[in-house]
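So in the working numbering, spot 131 of the sequence shown is number 185, and the numbers just go up one at a time.
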Amino acid sequence: MILVTGATGTIGKTVVQLLEERGMPFRAMSRNPNGLPNPVRADFANPASLTEAVAGVDTVFLVTVPPTPSPAHDLALLEAASTAGVAKIVKLSAIGTGERFEGAVVGAAHLAAEQAIEESGLAWTILRPTSFSSNFLSFKELINAGEPIPDMLGPTRQAVVDPRDVSAVAVEALLDDAHDGQRYDLTGPELLTFADQATILERVLNRPVKTVEVAARPHLDAAGMPPEVITTITTGVGWARSGGAAYVSDQVSRILDRPARTFEQWATDHKPAFTVMR
Ligand SMILES: NC(=O)c1ccc[n+]([C@@H]2O[C@H](COP(=O)([O-])OP(=O)(O)OC[C@H]3O[C@@H](n4cnc5c(N)ncnc54)[C@H](OP(=O)(O)O)[C@@H]3O)[C@@H](O)[C@H]2O)c1
């Protein structure tokens, strides 16, 4: 039995679909799982609900959106899983976790959670994807209104990954113990700047997608984000701008035995999301 947390989210919802297609037994966890197959309602902030969610489970896919900068949600799940006799955890982390930028640790919450899982005695696999291609969906209103989209990365190149590939790797890690004890950096197949991504989307949509460079901290401040969240993001952005994420890993193609999807493939498949309503 596999518990998929974050089952309504970008990565978890495709993990659920793939497990269903493969006929594997799973429970789909969310705070509001209505509409999910095999739903279980639980909240990382409610230990009793986690105890129910992990009962009889062998393997957990762990997706948290950490209450930055704390790993509390991962640790709560780990505690419930250890007590219930879960054998393995596959954790969704992020690229650059544990690297340093200007004295700060990149992905500090993920790092603390990774370390706790690795020291737990349970089997584990850690997935560290780079930025998701799907992050462009957060700009769809601006794009559809013909407005420029904010670019915090400038000349930074990174190999953005298709979230469907991250989900597919997660399923392999959940089902095959050959991935136990492995930490995988998951990237797409090509290095792109943010402006390169906009140019590709522009070509796919056949209408302008303009970018405007912004400084990360004032931009996030103006968006009303809490200071500790801003620090987490600006540390990651600073690390990426210093070239930390400018590499292509072959893990996706090696594990899935096919090429990683390009940003152009993602954009083509998500063209309907950028349809302008008139
Ligand atoms: N976006 C990127 O570019 C990127 C890149 C690398 C790594 N990551 C990592 O990916 C992770 C996020 O994955 P995602 O994008 O698939 O998530 P997402 O789309 O943001 O969805 C978050 C999921 O977490 C669930 N959730 C949130 N709070 C919860 C709580 N208190 N109790 C139970 N469930 C809760 C939500 O379910 P309900 O709201 O339905 O309860 C939802 O299913 C983060 O750890 C992030 O660091 C992201």
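All residues carry an ideal CB built from backbone N, CA and C; glycine is no exception.
Please read these numbers as outputs of a predicted model, since none were measured by experiment.
Quick one: what does DSSP say residue i is sitting in, helix, strand or coil?
i      : result
Leu14  : Here the chain covers residues 55 to 332 and nothing more, so residue 14 does not appear.
Thr317 : The displayed chain sequence assigns Phe, not Thr, to residue 317. Helix, per DSSP.
Leu310 : helix
Would you say residue i and residue j are within 9 Å of each other, going by their C-beta atoms?
i      : j      : result
Val111 : Ala135 : yes
Val214 : Phe193 : no
Arg218 : Arg315 : yes
His127 : Ser147 : no
Leu129 : Ala99  : no
Met83  : Pro93  : yes
Leu229 : Met55  : no
Val144 : Phe115 : yes
Val160 : Thr289 : yes
Thr68  : Ser307 : no
Pro209 : Ala167 : no
Gly89  : Thr184 : no
Thr322 : Val258 : yes
Ser174 : Thr64  : no
Thr59  : Thr105 : no
Leu310 : Val223 : yes
Leu274 : Val283 : yes
Val263 : Met206 : no
Taking the continuous beta strand (DSSP E) assigned at residue i, which residues delimit it?
i      : result
Val283 : Counting along the chain, Val283 falls outside any beta strand (DSSP E), though it belongs to the alpha helix (DSSP H) covering Pro281 to Arg295.
Pro183 : Ala177 to Pro183
Ser84  : Phe80 to Ser84
Give the range of the alpha helix (DSSP H) segment to which residue i is assigned.
i      : result
Leu73  : Thr64 to Glu75
Leu57  : Here Leu57 belongs to no alpha helix (DSSP H); instead the beta strand (DSSP E) covers Ile56 to Val58.
Pro357 : Past the boundaries of the shown model lies residue 357; the chain is included only from 55 to 332, so the question cannot be answered.
Exercise for the section: Entirely within the stretch 197-267 and at least 3 residues each: give me those beta strand (DSSP E) ranges in chain order. Expected result: For secondary structure counted as the beta strand (DSSP E) over 3 or more consecutive residues, the stretch 197-267 holds these complete runs in sequence order: 203-205, 236-240 and 265-267.
Handout entry: Length-filtered (3 minimum) beta strand (DSSP E) runs lying within the stretch 92-169
Key = The stretch 92-169 is shown to contain whole beta strand (DSSP E) runs of 3 or more residues at 93-95, 113-116 and 142-146, in chain order.
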